[in-house]
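In the working numbering, the protein residues as written are 3 to 87. Everything below concerns the one structure shown next.
Written as structure tokens, this is what we have:
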């Protein structure tokens, strides 16, 4: 892990993963469970890139670092993962 990876352990299971228009998104818990970490990689790649930390309010992902359509898609992925758990 590097200093700009948000402390994400990419060897552990993510909270959720989804793809949006050829980019894979990975959602992990961060900061000892007090934040959500979002990472991306091009489809077919092995290397994740940390994008940002966000907040989960129980229904929506909150961050200014991602556009609204991406946040909406990721919110659905988190909700689905939580229902499956």
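Where a beta carbon is used, it is the ideal one built from N, C-alpha and C, also for glycine. These numbers were taken from a predicted model, which means no experiment stands behind them.
Inset, instruction - Assuming residue 50 contacts residue 43 (C-beta within less than 8 angstroms), just tell me the rounded distance between them. - result: Correct: roughly 5 angstroms between the Cβ atoms.
Inset, instruction - Taking 8 angstroms as the cut-off, decide whether the C-beta atoms of residue 30 and residue 10 are in contact. - result: yes
Legend entry - Own chain partners of residue 37 with C-beta closer than 8 angstroms, once the 5 adjacent residues on each side are dropped: Result list for residue 37: 31, 55, 56, 57, in chain order.
Legend entry - Cβ shell of residue 65 (< 6 angstroms), same chain only, five flanking positions each side left out: 54, 56
Inset, instruction - Pick helix, strand or coil for residue 5, following the three-state DSSP scheme. - result: Note that residue 5 scores a pLDDT of 41, beneath 50, so its modelled location is shaky; the value from the coordinates is reported in the next line. In this structure, residue 5 counts as coil in the three-state DSSP scheme.
Inset, instruction - Indicate whether residue 45 and residue 79 have their beta-carbon atoms separated by less than 8 angstroms. - result: No; because the gap between Cβ atoms is not below 8 angstroms, this pair is not in contact.
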